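Engineer: Reminder that position 135 of the sequence shown reads as 135 in the UniProt record's numbering, one-by-one numbering, no gaps. Even for Gly, the Cβ is constructed at its ideal location relative to N, Cα and C. Quick caveat: nothing in here was measured; it's all calculated off a predicted structure.
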Amino acid sequence: MNLTILVRHACLTLLFGLGLAGSQLRGDTSSAAVAVADDGVQRVTLVGGSYYFEPEHIVVRAGVPVELQVRRRPGLAPHNLVIRSTMMGLDIEASLDTEPTTIRFTPRVAGRVEFYCDKRLLFLPSHRERGMVGVLEVVE
Ligand SMILES: [Cu+2]
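1. Helix, strand or coil: which one does DSSP assign to VAL64?
2. Taking all protein chains shown into account, do 16 or more other C-beta atoms lie within 10 angstroms of the C-beta of LEU124, making it buried, or fewer, making it exposed?
3. In this structure, does DSSP put HIS127 in helix, strand or coil?
4. Give me the DSSP bridge partner(s) of TYR116.
5. Just confirm the distance between the C-beta atoms of ALA94 and GLU140, as a whole number of angstroms; I'd bet it's less than 8 Å.
6. When you compare each of VAL60, ARG130 and PRO74 to VAL47 by their alpha carbons, which one comes out closest?
7. With a 10 Å radius around its C-beta and 16 neighbouring C-beta atoms as the bar for buried, classify ARG72 as buried or exposed.
8. Please identify the residue among ASP39, GLY49 and ARG61 whose C-alpha is closest to the C-alpha of LEU136.
9. For a quick check, are the C-beta atoms of PRO65 and PHE105 less than 9 Å apart?
10. What did DSSP end up calling ALA110 once you bin it into helix, strand or coil?
11. In three-state terms, what does DSSP make of SER95?
12. How big is the Cα-Cα spacing for PHE16 and MET87?
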């Protein structure tokens with residue numbers, strides 16, 4: 001009897017552990033370390049939806065041109081992309097369409113900056129507050 005309870009507990013622990021591992025894996029796929037192409041450009045695709053960015057973590061190199069291809073998932077909610085960092089020399093604000101648009105920039109220095117959607121409906125929380133936010137990480 002006691003053994004049955006013990007085994008059941010072990011099974012639940014295992015399932016819980018697997019569940020955590022699963023969410024960890026999902027988090028990993030949402031991160032993109034961008035490779036430098038033969039022509040010296042770092043190309044990455046960023047998709048916005050209600051209310052997330054995919055990937056939500058982008059890693060690029062400082063001093064190397066970036067081509068960010070952005071679009072949004074179909075839907076009624078308007079979305080945009082804002083990336084602002086005086087230090088990195090970034091001042092980007094672009095509305096997202098279902099058709100891809102290319103944004104070009106070269107981050108000057110290493111660091112981390114949040115990218116987000118600043119849309120909001122009336123008095124409701126902004127899309128950024130609802131989770132439409134990610135991190136652009138610039139490394140040397
Ligand atoms: Cu939005």
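Structural biologist: Reading it off the structure:
1. Numbered from 1 along the sequence shown, position 64 holds the residue referred to as residue 64. Three-state DSSP puts VAL64 in coil, outside helix and strand.
2. In the sequence shown, the residue the question calls residue 124 occupies position 124. Its Cβ having fewer than 16 others within 10 Å, LEU124 is exposed.
3. Reading the sequence shown from its first residue, position 127 is the one you call residue 127. It is coil, neither helix nor strand.
4. Locating residue 116 in the sequence shown gives position 116, where the first residue counts as 1. Paired residues: VAL82 and VAL133.
5. Numbered from its first residue, the sequence shown carries residue 94 at position 94. Numbered from its first residue, the sequence shown carries residue 140 at position 140. That belief does not hold up - the Cβ atoms of ALA94 and GLU140 are roughly 27 Å apart, past 8 Å.
6. In the sequence shown, residue 47 corresponds to position 47, counting from 1. Closest by alpha carbon: PRO74.
7. Counting from 1 along the sequence shown, the entry for residue 72 is found at position 72. Per the 10 Å Cβ criterion, buried.
8. Walking along the sequence shown from the start, residue 136 turns up at place 136. Checked all of ASP39, GLY49 and ARG61; the closest Cα to LEU136 is ARG61.
9. What you label residue 65 is simply residue 65 of the sequence shown in a count that begins at 1. What you label residue 105 is simply residue 105 of the sequence shown in a count that begins at 1. Result yes, Cβ atoms of PRO65 and PHE105 sit closer than 9 Å.
10. Here the question's residue 110 lines up with position 110 in the sequence shown. The answer is coil: DSSP assigns ALA110 none of H, G, I, E or B.
11. Position 95 of the sequence shown, counting from 1, holds the residue named residue 95. Strand, per DSSP.
12. Counted from its first residue, the sequence shown places residue 16 at position 16. Counted from its first residue, the sequence shown places residue 87 at position 87. For PHE16, the pLDDT reaches just 42, beneath the cut-off of 50, and the residue's location in the model is therefore unreliable, although a value from the coordinates is still provided. Looking at the two C-alpha atoms, the distance is approximately 43 Å.
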